[in-house]
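Student: The following block contains the structure, expressed as structure tokens.
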Amino acid sequence: MKIRQYLAKLIDVLLPVAAMLVALLVGILLLLLLGTDPFEAYSALIQGALGNVSGITQTLTKATPLLLVGLGICIAFRGGVINIGGEGQIVVGALAATAFGVGFGNLPALILLPLTLVSGAAAGLLWGGIPGLLKARLGVNEILTTVMMNQIALRLMNFLLRGPMLDPEHVAAGTSIPQSAALPESIWLTRLVPRTLFHSGAILAVLLALAVYFLLWRTTIGYRIRAVGLNPHASRYAGIPVPKYVTLSLALSGMLCGLAGAVEVLGVHHRMLEGLSGGYGFSGIVAALFGKLHPLGAIPASALFGALLVGADKMQRAVQVPSALAIALQGLVVLFVVSSDLYVRRRTRRRVGEDGPDGPIEGNGDNREKSEEG
Amino acid sequence: MVDELLTVSTLIGILHSCVRLATPYLFAALGETFGQRSGVLNLGVDGIMLMGAFFAFYVVFEGHSLWVGVLAAIVIGVLMGLLKAFVSVTMQSLQGISGIGLYLFGLGLSSLLFKTLIGSVEGVSGFRQLPIPLLSEIPGIGHILFNHNALVYLAYLMVPVSWFVINRTTLGLKIRAVGHNPEAADTLGVSVSGVRYTTLMIGGALAAVGGASLSIGLQNVFQENMTNGLGFIAVALVYFGSWRTVGVLGGALLFSLVNALQLWVQALDIPVPSEIAVMMPYIMTIVVLAFTARQIQKPAALARSYERGE
């Protein structure tokens with residue numbers, strides 16, 4: 001019995017890895033069809049991401065926003081809601097952090113840095129909280145509202161970066177690159193490895209992963225978020241204010257994405273510019289799924305997908321295989337991971353009655369859909 | 375300058391663009407309506423559109439005729455629909471998330487193929503304007519409604535066709551039954567999986583033609599991620615239109631009207647912060663969804679996997 005349980009757990013962890021391998025196999029087929037050498041491409045990818053200090057630090061730098069977004073996705077999922085608004089939440093987080101950091105640039109760094117981070121987090125909280133509130137109070141599908149909020153955020157960014165937030169130096173110099181003024185150097189996040197982009201935001205992200213784990217599994221709030229995600233009807237009968245926790249999980253999810261935007265600004269770019277969200281809102285979903293929607297699982301998962309993104313860029317430069325391959329592979333990983341859940345669900349159902357209902361991630365699918373009605 | 379915007383000819387121009395630009399929204403959203411009426415939420419529409427746009431463009435770029443391009447889009451759309459159906463019907467995966475997978479797959483693959491097979495942004499000569507005899511000569515309205523290319527007419531033709539298929543045919547009855555109560559439909563001998571596979575393939579084909587309408591009908595180029603999230607809007611339009619084809623038409627026209635206005639504002643160089651203006655349809659969609667979410671009758675089994683009892 002014990003061994004079977006252990007094996008089942010092991011398979012749960014290995015399934016995403018298998019999904020990744022199948023995706024890579026499909027990638028080989030694709031590359032062969034396109035007449036490129038897949039092994040040359042893949043070795044360039046791995047070499048680029050992990051082959052030297054520069055590659056590894058770039059991988060970890062990319063993994064940082066992925067982890068923050070992934071953590072947000074974990075909370076949303078556990079709370080029974082889907083947050084597709086990561087892109088928009090990153091953008092508003094970055095915009096708010098930049099506006100605050102530049103606007104109050106004369107404050108001492110010790111005060112300015114935390115407040116800048118808080119501004120980003122607060123903007124994300126708002127951007128995720130609105131769909132949360134609409135879902136909780138009016139039953140509006142959060143998938144649609146988060147998608148709309150993405151578009152609104154992008155338009156807002158276009159407007160602000162071409163108008164109110166445009167770098168005055170650029171205006172003076174007559175160039176019109178849509179980007180903001182730089183943040184004061186005193187609040188730039190410390191570079192962990194000199195002469196690379198790898199910054200202390202990574203430490204913050206890992207600490208937050210631990211915090212999210214603690215929140216979800218060691219506090220009443222987290223317990224209620226998960227209860228609502230598993231079964232909103234039962235939760236209501238148990239006296240949990242379901243709407244409040246639906247709003248909360250989307251708001252917290254948005255907050256972490258907003259923070260990702262702020263950290264990107266403070267750690268990497270030091271100003272707001274277009275394209276800053278870089279698809280992290282979607283890649284973060286992939287990383288979270290890959291980490292089995294567990295905050296600690298999201299740590300290695302985001303490192304893996306960070307490596308994929310960095311490696312793909314290097315591959316494009318080294319052997320001219322387009323980096324878009326990485327996006328297609330992410331899509332395949334998602335398709336395979338969600339498909340393999342069928343197996344997990346079936347086994348979970350068989351196991352009910354033997355060891356009690358375990359494996360809640362997969363089970364919450366059906367309940368989520370029901371929750372949409374209420 | 376405001377006077378300039380309001381001359382009759384400008385107004386006709388804007389409305390003409392509005393009718394024309396609704397094309398991709400219409401194809402994609404009507405396709406999505408089929409899927410959602412049968413209970414499957416396909417969030418991967420944008421990825422399918424990109425694949426359709428690429429294949430149609432590539433076929434035409436290689437010297438084949440425009441209709442062969444459309445056919446290529448249909449084939450790839452059906453295949454993408456099959457993939458979605460396999461993942462969400464056969465493997466019963468979470469529909470929202472599998473759609474994101476499909477989106478990323480289509481986005482990545484279309485870019486990969488574009489960069490490998492074509493490389494740089496090229497143009498093709500797409501569908502030409504096809505004025506309808508007599509009707510197009512009606513002053514004003516003739517130009518607005520009857521002076522478009524074939525894909526634009528086809529998109530509007532799909533509105534009554536979709537309505538008819540969903541509301542007046544046996545297939546449509548099955549689609550609605552499966553979307554409303556799969557258990558009951560199954561009891562009556564309707565194949566839930568069969569119907570959902572069918573609607574997803576129809577939806578895939580329409581979404582891909584919607585993509586093609588961009589690459590060989592409206593813009594006549596292919597660029598990476600050229601839909602720019604249009605497919606996600608199409609999904610929302612189905613909710614916006616309360617799962618009715620006429621409602622979808624209204625939503626599509628609303629979005630295209632704003633797009634058209636934006637184009638003209640830019641063309642006439644009017645100093646309006648157009649980024650603010652283009653936010654409006656998204657905000658309006660949220661507001662409409664907020665007001666109607668509780669009232670409208672959505673397919674009861676939407677986004678719910680169905681597994682036969684044993």
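Protein sequences, first through last, are from chains A and B. So that you can map any letter, position 53 of the first sequence is 53 in my numbering, and since no number is skipped, the others follow by simple counting. So that you can map any letter, position 94 of the second sequence is 468 in my numbering, and since no number is skipped, the others follow by simple counting. All residues carry an ideal CB built from backbone N, CA and C; glycine is no exception. The model shown is predicted, which means the values in this text are computed figures rather than measured ones.
Whether or not the stretch 202 to 219 of chain A and the stretch 169 to 187 of chain A are in contact is what I'm after, with contact meaning three or more pairs of Cβ atoms, one per stretch, closer than 8 Å; do they touch?
Tutor: Short answer: they don't touch.
Student: Are the beta-carbon atoms of Leu50 (chain A) and Ala41 (chain A) separated by less than 8 Å?
Tutor: Indexing the first sequence from 1 puts residue 50 (chain A) at position 50. Indexing the first sequence from 1 puts residue 41 (chain A) at position 41. Against a cut-off of 8 Å, the Cβ pair of Ala41 (chain A) and Leu50 (chain A) comes out as no contact.
Student: Would Lys489 (chain B) count as contacting chain A if we go by Cβ distances under 8 Å?
Tutor: As a working mapping, residue 489 (chain B) is identified with position 115 in the second sequence. Yes, its Cβ sits closer than 8 Å to a Cβ of chain A.
Student: Contact between the stretch 385 to 404 of chain B and the stretch 592 to 604 of chain B: three or more CB pairs below 8 Å?
Tutor: The stretch 385 to 404 of chain B, when compared against the stretch 592 to 604 of chain B, does touch it at the 8 Å Cβ threshold.
Student: Can Gly291 (chain A) and Gly79 (chain A) be called in contact, C-beta distance under 8 Å?
Tutor: For this step, residue 291 (chain A) is matched to residue 291 along the first sequence. For this step, residue 79 (chain A) is matched to residue 79 along the first sequence. No.
Student: For Gln503 (chain B), list the residues DSSP reports as bridge partners.
Tutor: Taking the second sequence and counting its residues from 1, one reaches residue 503 (chain B) at position 129. Beta-bridge pairing links Gln503 (chain B) to B:Asn523.
Student: Are Ile474 (chain B) and Leu417 (chain B) close, meaning C-beta to C-beta below 8 Å?
Tutor: The residue you call residue 474 (chain B) lines up with position 100 of the second sequence. The residue you call residue 417 (chain B) lines up with position 43 of the second sequence. Contact: yes.
Student: Given a cut-off of 8 Å, decide if Gly585 (chain B) and Leu456 (chain B) are closer than it, judged by their beta-carbon atoms.
Tutor: Your numbering for residue 456 (chain B) matches position 82 in the second sequence. Your numbering for residue 585 (chain B) matches position 211 in the second sequence. Against a cut-off of 8 Å, the Cβ pair of Gly585 (chain B) and Leu456 (chain B) comes out as no contact.
Student: Cβ closer than 7 Å: which chain B residues qualify as neighbours of Ser339 (chain A)?
Tutor: The residue you call residue 339 (chain A) lines up with position 339 of the first sequence. The answer, in chain order, is Val461, Met465 and Ser467.
Student: Does Val147 (chain A) have its Cβ less than 8 Å from a Cβ in chain B?
Tutor: Looking up residue 147 (chain A) in the first sequence gives position 147. Closer than 8 Å: yes.
Student: Considering only the beta carbon of each residue, do Ile388 (chain B) and Ala634 (chain B) sit closer than 8 Å?
Tutor: In the second sequence, residue 388 (chain B) corresponds to position 14, counting from 1. In the second sequence, residue 634 (chain B) corresponds to position 260, counting from 1. Taking 8 Å as the Cβ cut-off, Ile388 (chain B) and Ala634 (chain B) qualify as a contacting pair.
Student: For the alpha helix (DSSP H) that Glu87 (chain A) lies in, which residues bound it at each end?
Tutor: As a position in the first sequence, residue 87 (chain A) is number 87, starting the count at 1. Its alpha helix (DSSP H) spans residues Gly86 to Gly103.
Student: Could you tell me whether any Cβ in chain A is nearer than 8 Å to the Cβ of Thr659 (chain B)?
Tutor: In the second sequence, residue 659 (chain B) corresponds to position 285, counting from 1. It does: the Cβ of Thr659 (chain B) has a partner Cβ on chain A nearer than 8 Å.
Student: Out of B:Arg682, B:Gln671, B:Thr666 and B:Ser679, point me to the one whose CA is closest to Val140 (chain A)'s CA.
Tutor: The count along the first sequence starts at 1 and reaches residue 140 (chain A) at position 140. Cα-wise, what sits closest to Val140 (chain A) is B:Thr666.
Student: Considering only the beta carbon of each residue, do Gly48 (chain A) and Lys314 (chain A) sit closer than 8 Å?
Tutor: Reading the first sequence from its first residue, position 48 is the one you call residue 48 (chain A). Reading the first sequence from its first residue, position 314 is the one you call residue 314 (chain A). Their beta carbons are under 8 Å apart, which means Gly48 (chain A) touches Lys314 (chain A) by this criterion.
Student: When you compare the CB positions of Gly470 (chain B) and Ile143 (chain A), do they come within less than 8 Å of one another, or not?
Tutor: Indexing the second sequence from 1 puts residue 470 (chain B) at position 96. Indexing the first sequence from 1 puts residue 143 (chain A) at position 143. A contact, by the Cβ cut-off of 8 Å.
Student: Quick check: Glu169 (chain A) and Ala153 (chain A), are their CB atoms within less than 8 Å of each other?
Tutor: Your numbering for residue 169 (chain A) matches position 169 in the first sequence. Your numbering for residue 153 (chain A) matches position 153 in the first sequence. Against a cut-off of 8 Å, the Cβ pair of Ala153 (chain A) and Glu169 (chain A) comes out as no contact.
Student: Would the beta-carbon of Thr600 (chain B) fall within 8 Å of that of Arg155 (chain A)?
Tutor: On the second sequence, residue 600 (chain B) is found 226 positions in, with the first residue counted as 1. On the first sequence, residue 155 (chain A) is found 155 positions in, with the first residue counted as 1. A quick correction: the sequence has Met, not Thr, at residue 600 (chain B). Not closer than 8 Å, so no.
Student: When you compare the stretch 113 to 120 of chain A with the stretch 261 to 280 of chain A, are there three or more beta-carbon pairs, one atom per stretch, that lie closer than 8 Å?
Tutor: The stretch 113 to 120 of chain A vs the stretch 261 to 280 of chain A: in contact.
Student: So, is the C-beta of Ala667 (chain B) closer than 8 Å to a C-beta in chain A?
Tutor: Residue mapping note: residue 667 (chain B) aligns to position 293 of the second sequence, counting from 1. Interface residue, yes.
Student: On a Cα-Cα basis, can you pick out the residue from B:Val661, B:Leu627, B:Gly500 and B:Ala558 that is closest to Tyr680 (chain B)?
Tutor: Translated into positions along the second sequence, residue 680 (chain B) becomes position 306. Considering only alpha carbons, the answer is B:Ala558.
Student: Whose Cβ in chain A lies nearer than 8 Å to the Cβ of Val652 (chain B)?
Tutor: Indexing the second sequence from 1 puts residue 652 (chain B) at position 278. Those within 8 Å of Val652 (chain B) in chain A are Arg155.
Student: For a test of the three-state rule: what should DSSP assign to Gln410 (chain B), helix, strand or coil?
Tutor: Mapped onto the second sequence, residue 410 (chain B) falls at position 36. Reduced to three states, the DSSP call for Gln410 (chain B) is helix.
Student: Does DSSP classify Ser180 (chain A) as helix, strand or coil?
Tutor: On the first sequence, residue 180 (chain A) is found 180 positions in, with the first residue counted as 1. Ser180 (chain A) falls in the strand class under three-state DSSP.
Student: Are Glu496 (chain B) and Val595 (chain B) touching if we call contact CB-CB under 8 Å?
Tutor: Locating residue 496 (chain B) in the second sequence gives position 122, where the first residue counts as 1. Locating residue 595 (chain B) in the second sequence gives position 221, where the first residue counts as 1. For Glu496 (chain B) and Val595 (chain B), yes; Cβs fall inside 8 Å.
Student: Using the beta-carbon count (16 or more within 10 Å), is Trp127 (chain A) buried or exposed?
Tutor: Here residue 127 (chain A) corresponds to residue number 127 of the first sequence, with the count starting at 1. Per the 10 Å Cβ criterion, buried.
Student: Please say whether Gly101 (chain A) and Gly254 (chain A) have beta carbons closer to each other than 8 Å?
Tutor: Here residue 254 (chain A) refers to the residue found at position 254 of the first sequence. Here residue 101 (chain A) refers to the residue found at position 101 of the first sequence. Contact: no.
Student: Who are the Cβ neighbours of Gly129 (chain A) in its own chain at under 7 Å, not counting the five residues just before and after it?
Tutor: Position 129 of the first sequence holds residue 129 (chain A). So the qualifying residues of the chain are Thr247, Leu250, Ala251 and Gly254.
Student: How about Leu476 (chain B) and Ala324 (chain A): do their beta carbons lie closer than 8 Å?
Tutor: Within the second sequence, residue 476 (chain B) is the residue found at index 102, counting from 1. Within the first sequence, residue 324 (chain A) is the residue found at index 324, counting from 1. Going by C-beta atoms, Leu476 (chain B) is not nearer than 8 Å to Ala324 (chain A).
Student: Give the residues of chain B in contact with Pro295 (chain A), contact being defined as C-beta atoms less than 7 Å apart.
Tutor: Locating residue 295 (chain A) in the first sequence gives position 295, where the first residue counts as 1. Chain B residues near Pro295 (chain A): none, gap ~18 Å exceeds 7 Å.
Student: What residues in its chain sit with their C-beta under 6 Å from that of Gln58 (chain A), if we drop five residues either side in the sequence?
Tutor: Position 58 of the first sequence holds residue 58 (chain A). Val310, listed in sequence order.
Student: When the distance is taken between beta carbons, is Pro300 (chain A) closer than 8 Å to Leu216 (chain A)?
Tutor: Taking the first residue of the first sequence as position 1, residue 216 (chain A) is located at position 216. Taking the first residue of the first sequence as position 1, residue 300 (chain A) is located at position 300. Going by C-beta atoms, Leu216 (chain A) is not nearer than 8 Å to Pro300 (chain A).
Student: How would you label Thr64 (chain A), buried or exposed, when you count the other beta carbons within 10 angstroms and need 16 or more for buried?
Tutor: Counting from 1 along the first sequence, the entry for residue 64 (chain A) is found at position 64. Buried, by the Cβ-count rule.
Student: Could you name the residues of the same chain whose beta carbon sits closer than 8 Å to that of Val147 (chain A), not counting the 5 residues immediately before and after it, in chain order?
Tutor: Taking the first residue of the first sequence as 1, we reach residue 147 (chain A) at position 147. Closer than 8 Å at the Cβ level, and outside the excluded window around Val147 (chain A), lie Ile84 and Gly85.
Student: By Cβ distance, which residues of its chain are closer than 6 Å to Thr659 (chain B), with the 5 residues on each side in sequence left out?
Tutor: Here residue 659 (chain B) is taken as the residue at index 285 of the second sequence, counted from 1. Contacts found: Ala610 and Phe614.
Student: List, in chain order, every chain A residue whose beta-carbon is nearer than 9 Å to that of Val609 (chain B).
Tutor: Translated into positions along the second sequence, residue 609 (chain B) becomes position 235. The contacting residues are Ile143, Leu144 and Val147.
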